[in-house]
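*Asks:* Dumping the structure here so I can ask a few things about it.
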Amino acid sequence: MWHWPLPLWLREKGGWEAKDIERYFERYAEKTVSYLKDHAKFWITINEPEIYAGHSYLKGAWPPQKKSLLSYIKVTNRLAKAHNIAYDIIKKIDKNLQVGVAKHNIYFEAYGNKIINRILKYFADQWWNFYFLNKIKSCQDFIGLNHYLHNRINFGFNKNENKKVSDMGWELYPESIYHVLVDLKKYKKPIYITENGLADARDENREWFIKEYLKQVHLAIEVGVDVKGYMYWSLLDNFEWDKGFWPRFGLVEVDCKTLERKIRPSALKYAKICRSNTLEI
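Sequential numbering from 12 applies to the sequence shown in the numbering used here.
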């Protein structure tokens with residue numbers, strides 16, 4: 012329902028720092044779902060709330076380009092409250108609709124199981140991975156998991172080996188999705204992997220990426236994680252916020268000038284996996 016842009020009138024009121032923002036979001040949810048309830052069973056209220064709050068109110072990279080710890084925490088809490096309010100109004104419209112968020116979780120690895128690394132991992136997990144989910148745990152029918160990143164902690168963060176990386180420099184570390192899925196098991200909710208992919212303009216690693224990450228998803232299912240679906244990000248090359256159009260995440264290549272589309276070889280391999288329901292192809 013909401014993937015970060017705001018109408019100008021709401022921006023002028025203060026955006027997610029506006030005192031009436033939750034009421035506006037409730038009204039938006041009511042109108043949207045009332046019109047479209049017969050066309051969709053699953054509803055994601057907010058995409059990656061922690062990414063939006065961090066980039067917009069802590070790093071200052073995205074509008075409104077603020078760098079305020081207080082604003083960052085306040086907006087994070089307001090996003091959680093807005094979701095809970097939207098959940099209630101959606102359930103009043105149709106109790107059978109399934110409502111959740113798309114939450115970006117990172118695998119924080121305590122390298123060598125050293126005590127300082129375990130302590131850092133604990134606090135990173137509690138804030139980044141679990142804080143928002145804990146705020147909405149009674150108001151979600153499923154968890155939408157967006158997953159891209161592994162963060163090795165070794166007397167500090169981001170100590171990854173980076174043996175294989177995407178075009179954006181993000182480490183490709185398939186085991187990470189297993190760990191974040193197992194961490195979500197405690198919520199006892201169905202999990203849909205709503206985003207998992209890589210920027211790979213030459214299509215050199217995408218087939219490998221999909222197969223290896225799906226193997227790890229299968230391992231998580233085998234230990235009891237209730238994974239209901241997997242959606243690769245993305246179908247088409249897309250606009251990647253402050254990066255523009257150069258990162259190529261798509262199964263289908265898009266020429267940004269002519270809009271011509273070409274199916275990448277990895278997409279055909281992925282299609283075979285989907286049709287055969289097996290990785291042995």
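Backbone N, C-alpha and C define an ideal beta-carbon position, used for all residues, glycine too.
Please read all numbers here as calculations on a predicted model, not as lab measurements.
In this structure, does DSSP put LYS78 in helix, strand or coil?
*Replies:* Here LYS78 sits in coil by DSSP.
*Asks:* Helix, strand or coil for ILE164, going by three-state DSSP, please let me know.
*Replies:* Three-state result, ILE164: strand.
*Asks:* Leaving out five residues on either side along the sequence, give the residues of the same chain with a beta carbon under 7 Å from the beta carbon of PRO75.
*Replies:* The residues are GLY26 and SER67.
*Asks:* From the DSSP output, in three-state form, read off THR269 for me.
*Replies:* Coil.
*Asks:* Does the beta-carbon distance from ILE204 to TYR241 come in below 9 Å?
*Replies:* Yes, Cβ-Cβ distance for ILE204 and TYR241 is below 9 Å.
*Asks:* The beta strand (DSSP E) with VAL236 in it runs from where to where?
*Replies:* Counting along the chain, VAL236 falls outside any beta strand (DSSP E), and DSSP gives it neither H nor E.
*Asks:* Apart from the five residues just before and just after PRO276, which ones in its own chain have a Cβ nearer than 8 Å to its Cβ?
*Replies:* Result list for PRO276: ASP214 and GLU218, in chain order.
*Asks:* Can the beta-carbon of ILE284 be found less than 9 Å from the beta-carbon of ILE221?
*Replies:* Yes, the Cβ-Cβ distance between ILE284 and ILE221 is below 9 Å.
*Asks:* When the Cα atoms are used, what is the spatial distance from ASP266 to ASN165?
*Replies:* Spanning the two alpha carbons is a distance of roughly 42 Å.
*Asks:* Grab me the residues of ALA113's own chain with a C-beta within less than 8 Å of its C-beta, minus the 5 sequence neighbours each way, in chain order.
*Replies:* Excluding positions up to five away in sequence, the list reads ILE55, ILE57, ASN58, GLU59, GLY155, LEU156, ASN157, THR205 and GLU206.
*Asks:* Just to confirm, is the Cβ distance from SER149 to ASN116 under 9 Å?
*Replies:* Cβ distance not < 9 Å, so SER149 and ASN116 don't count as in contact.
*Asks:* Tell me, please, which residues DSSP counts as bridged to ALA121.
*Replies:* Paired residues: ILE164.
*Asks:* Quick check on the burial criterion: 16 or more other C-beta atoms within 10 angstroms. Buried or exposed for TRP13?
*Replies:* The residue is buried, with at least 16 neighbouring Cβ atoms inside 10 Å.
*Asks:* By the DSSP assignment, the beta strand (DSSP E) with TRP54 in it spans what residues?
*Replies:* It spans 53 to 58 - the beta strand (DSSP E) in which TRP54 sits, taken as one unbroken run.
*Asks:* Classify ILE274 as helix, strand or coil using the three-state DSSP reduction.
*Replies:* Looking at ILE274 - three-state DSSP - the assignment turns out to be strand.
*Asks:* Going by C-alpha distance, which of GLN137, GLY255 and VAL228 is nearest THR289?
*Replies:* Selected option, being the one with the closest Cα: VAL228.
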